[in-house]
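Numbering (my numbering), first residue to last: 130 to 783. No residue lacks a Cβ here, since even glycine has one placed at the ideal position from N, Cα and C.
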Amino acid sequence: MEDKTFYITTPIYYPSGKAHIGHSYCTVASDAIARYKRMQGFDVMFLTGTDEHGQKIELKAKEEGVTPKEYVDKIVAQFQDLWKLLDISNDRFIRTTDEKHVQAVQKIFHRLYDKGEIYKGAYKGWYCTPCESFWTETQLKDHKCPDCGREVKWAEEEAYFFKLSEYADRLLKLYEERPSFIQPESRKNEMINFIKQGLEDLCVTRTSFTWGIPVDFDPGHVVYVWLDALTNYITALGYASDDDADYRKYWPADVHFMGKEIVRFHAIIWPAMLMALGLPLPKQVYGHGWLLFGDGTKMSKSKGNVVDPLVLCDRYGVDAIRYFLLREIPFGADGNFTNEALIGRINADLANDLGNLLSRTTAMAQKYFGGKLPAKREEAPIDRELQEMAASLRAKCDENIEKYQFSNALAEIWKLIARANKYIDETAPWVLGKDEAQFPRLAAVLYHLCEVLRIVSILLTPFMPNTAPKMQEQLGISGEAVSYASAGTWGGFPESAVIQKGEALFPRIDVEKEIAALIALIGDTSGKAAAPEAKPETAKKPLPEGLAQIGIEDFAKVELRVAKILACEPVKKAKKLLKLTLDDGQGQRTVASGIAKWYTPEELIGKSVILVANLKPAVLCGVESQGMILAADSGEDTAKVLFVDGIPAGSPIH
Ligand code: MSP
130 MEDKTFYITT
140 PIYYPSGKAH
150 IGHSYCTVAS
160 DAIARYKRMQ
170 GFDVMFLTGT
180 DEHGQKIELK
190 AKEEGVTPKE
200 YVDKIVAQFQ
210 DLWKLLDISN
220 DRFIRTTDEK
230 HVQAVQKIFH
240 RLYDKGEIYK
250 GAYKGWYCTP
260 CESFWTETQL
270 KDHKCPDCGR
280 EVKWAEEEAY
290 FFKLSEYADR
300 LLKLYEERPS
310 FIQPESRKNE
320 MINFIKQGLE
330 DLCVTRTSFT
340 WGIPVDFDPG
350 HVVYVWLDAL
360 TNYITALGYA
370 SDDDADYRKY
380 WPADVHFMGK
390 EIVRFHAIIW
400 PAMLMALGLP
410 LPKQVYGHGW
420 LLFGDGTKMS
430 KSKGNVVDPL
440 VLCDRYGVDA
450 IRYFLLREIP
460 FGADGNFTNE
470 ALIGRINADL
480 ANDLGNLLSR
490 TTAMAQKYFG
500 GKLPAKREEA
510 PIDRELQEMA
520 ASLRAKCDEN
530 IEKYQFSNAL
540 AEIWKLIARA
550 NKYIDETAPW
560 VLGKDEAQFP
570 RLAAVLYHLC
580 EVLRIVSILL
590 TPFMPNTAPK
600 MQEQLGISGE
610 AVSYASAGTW
620 GGFPESAVIQ
630 KGEALFPRID
640 VEKEIAALIA
650 LIGDTSGKAA
660 APEAKPETAK
670 KPLPEGLAQI
680 GIEDFAKVEL
690 RVAKILACEP
700 VKKAKKLLKL
710 TLDDGQGQRT
720 VASGIAKWYT
730 PEELIGKSVI
740 LVANLKPAVL
750 CGVESQGMIL
760 AADSGEDTAK
770 VLFVDGIPAG
780 SPIH
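As structure tokens, then:
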């Protein structure tokens, strides 16, 4: 057991505002993995925490007339309460204001400086005085501050830099040698493109604000954001302290989970820092997608959609929320969070499929056998399919969970639940119950249902830690019968179990009344939240020949983004192609497009287009094309590029 450790982390959250359901997403997913690994016998370290320094927090505290520490203390407590409510089983919670972290960061900074990996220089850039922020040329929007739109001026500030620029080759080699270091695959390509455009040294201190960890040998400088934040993953284990036993035990991390917009920091800056320190690298960096709200952003500002996790847990229960987050959206992709979809899943999957299976089974076990199944059972050929599905379920879950495909794992569990419900209809136990001679067959049918529910309850434990014990209580099982080991084989439902009918796991929700209540709750009379989901028309229309229907999860795999054409030139040797340089909101990339016949470069420069951002790069006539832009084919040998001028580069399209 000694070396069977598993270390998983969430990003550390900025306590700059209230936590919303989007913040809960990564933490719930990490929790499911931590619980799963514990069930498998791993010695798990699950870390989460808060990233408390920086200018934004300093300014917010000032606005409220409190000290930065007072400001963060209040919000951090809210985060911690939320994690308790959501049944998050983190083993540790790090705050970057913890004394232990502060001292370790100072030591790390010193070490890097002594090794020549950090040097003193000048930070130059476009400075926005009201925002107190530096911007690079490419970050500016129409040469104005991208945050507030005001004038910027060229400025310089003394600062320390980490020699990130020297790590490009080593990082590319790392990705090549360890193909699963960055997941999902599409994010790896983004990182490779980013590095190929050239890495600049990273500014790691500031003098323009004070709310940060002081550089102990140079007063006036505070450590700036990412060096302070990323090192949490090792300082929380005691690295650079007197007690580093946990560091030695758990590092390197098995996986860092994070949202896609901060993969860059984890896949580029973090490994480079660790290389500079001579430390082992994490095994994997996994960038999940965003929960998008009514307004298509990752911020929960939208009206007409309740996204406060406290309200949601209060109305629907913690496990329903956990289930929805992990079931609805494939982990690597973006997906919409709507109250209708949530209620839909609660009614269909939880109340109907799972809840009914349990209540029908326990009610019949009570009614016909007083809760104790007789040992004399008579099997029939129809039982075999259910037995096989149930016995192979754990392996299917394992396979998906190892790849962090929670929604697939849950879909597999629900396939078995659906099959078991069908089995009830097929075997009609209420008919068997009318004839005593059929009781051995009835006992076998109920045994099969109980055994399916036993296996389902075990495999649901990491996702729904409240529901699984409730199911097991009603089934009258505990100990070995609910162990992970026993979920992999058929037949572990104990003879001695006393089955009892309990409360419904998930009461059905009256959709119309509930949506009306939600509208009343958030004071939004626009009716947005009440609009029933439009039935997909495409279901009725015939599909173009040769095209298979796809689910929304397939479409969600395509990452469409607005991109602005910065430059455009013809491609020698390829009359049809134009080489476009695009700003995709995160950086620049090159795309070769076969539109030279219909557009001149001059017509395109400055226009905004729709980019397929996660298309595998391909070399077209000597040009590496990192994506594709969308155009409509009007059928008469003309193509019209779809322009979306006026929408900022990087805006997601769904
Ligand atoms: N403090 C940094 C992380 C430092 S890690 C060394 C940070 N904090 S954050 O609070 O802005 O974001 C924390 C995480 O929450 C990110 O992974 C981000 O993607 C995630 N989410 C915030 N809103 C989200 C959604 N709407 N959906 C999914 N995740 C989202 O960045």
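Helix, strand or coil for residue i per DSSP?
i, result
"Phe772", "strand"
"Glu688", "coil"
"Thr618", "coil"
"Pro558", "helix"
"Phe346", "coil"
"Gln755", "coil"
"Asp762", "strand"
"Glu246", "coil"
"Thr196", "coil"
"His783", "coil"
"Tyr154", "helix"
"Tyr142", "strand"
"Cys697", "strand"
"Val581", "helix"
"Thr596", "helix"
"Gly367", "coil"
"Phe460", "coil"
"Ser737", "strand"
"Asn743", "coil"
"Ile627", "It is Val, not Ile, that sits at residue 627 in the sequence shown. Residue state, collapsed to three classes: coil."
"Leu359", "helix"
"Asp448", "helix"
"Leu749", "strand"
"Val435", "coil"
"Asp564", "coil"
"Phe238", "helix"
"Ala520", "helix"
Among the options, which has the Cα closest to the Cα of residue i?
i, options, result
"Cys697", "Glu643, Val752, Pro623 and Glu181", "Val752"
"Lys599", "Tyr613, Val574, Leu571 and Lys630", "Lys630"
"Glu306", "Phe222, His239, Lys412 and Ala369", "Lys412"
"Ile247", "His230, Thr179, Asn595 and Leu331", "Leu331"
"Ile511", "His577, Cys750 and Trp543", "His577"
"Ser722", "Ile734, Lys249, Asn743 and Gly756", "Gly756"
"Lys693", "Asn595, Gln268, His239 and Lys147", "Gln268"
"Tyr143", "Gly178, Leu483 and Leu522", "Gly178"
"Ser780", "Asp713, Leu406 and Ile542", "Asp713"
"Ile739", "Gly349, Leu711, Ser370 and Val352", "Leu711"
"Ser337", "Glu286, Asp448, Phe568 and Pro308", "Glu286"
So, at 6 Å on beta carbons, what are the nonlocal neighbours of residue i in its own chain, with the 5 sequence-adjacent residues on each side left out?
i, result
"Val173", "Phe135, Ala163, Lys166 and Arg167"
"Val384", "Ile137, Gln413 and Tyr415"
"Phe175", "Ile137, Ala163, Asn219 and Asp220"
"Leu486", "Ile546, Ala549 and Asn550"
"Gly617", "Arg523"
"Gln235", "Asp345"
"Leu539", "Arg456"
Give me the DSSP bridge partner(s) of residue i.
i, result
"Trp264", "Trp255"
"Lys147", "In DSSP, Lys147 forms no bridge with anything."
"Asp172", "Thr134"
"Phe222", "Thr177"
"Phe386", "Tyr415"
"Ser722", "Leu707"
"Asn465", "Leu421"
"Val352", "Thr334"
"Gln717", "Asp712"
Closer than 8 Å by C-beta to residue i: which residues in its own chain qualify, once you throw out the five before and the five after it? Chain order, please.
i, result
"Glu329", "Leu293 and Ser294"
"Val741", "Val687, Glu688, Leu689, Gly756, Met757, Ile758 and Leu759"
So, for residue i: in the same chain, excluding its five sequence neighbours on each side, which residues have a beta-carbon less than 7 Å away from its beta-carbon?
i, result
"Gln601", "Ser586, Ser607 and Val611"
"Lys726", "Lys705"
"Pro636", "Ala480"
"Arg489", "Ile553"
"Thr767", "Trp727"
"Gly484", "Ala633, Leu634 and Phe635"
"Lys147", "Gln207"
Mind checking if residue i is an interface residue toward chain D, Cβ cutoff 8 Å exclusive?
i, result
"Gly194", "Absent from the structure: chain D. Only one protein chain is present."
Give a single yes or no on whether residue i has its beta carbon closer than 7 Å to a heavy atom of the ligand SAM.
i, result
"Cys697", "Because the ligand SAM does not appear in the structure shown, any question about it cannot be addressed here, the ligands present being the ligand MSP."
In chain order, which continuous runs of the beta strand (DSSP E) of length 3 or greater are located wholly inside the region 486-518? Fully contained in the region 486-518 is no beta strand (DSSP E) run of length 3 or more.
Could you name each continuous alpha helix (DSSP H) segment of 4 residues or more that falls completely within the region 259-335, going from the start of the chain to the end? As far as the region 259-335 is concerned, its whole alpha helix (DSSP H) runs of at least 4 residues are 297-306 and 314-325.
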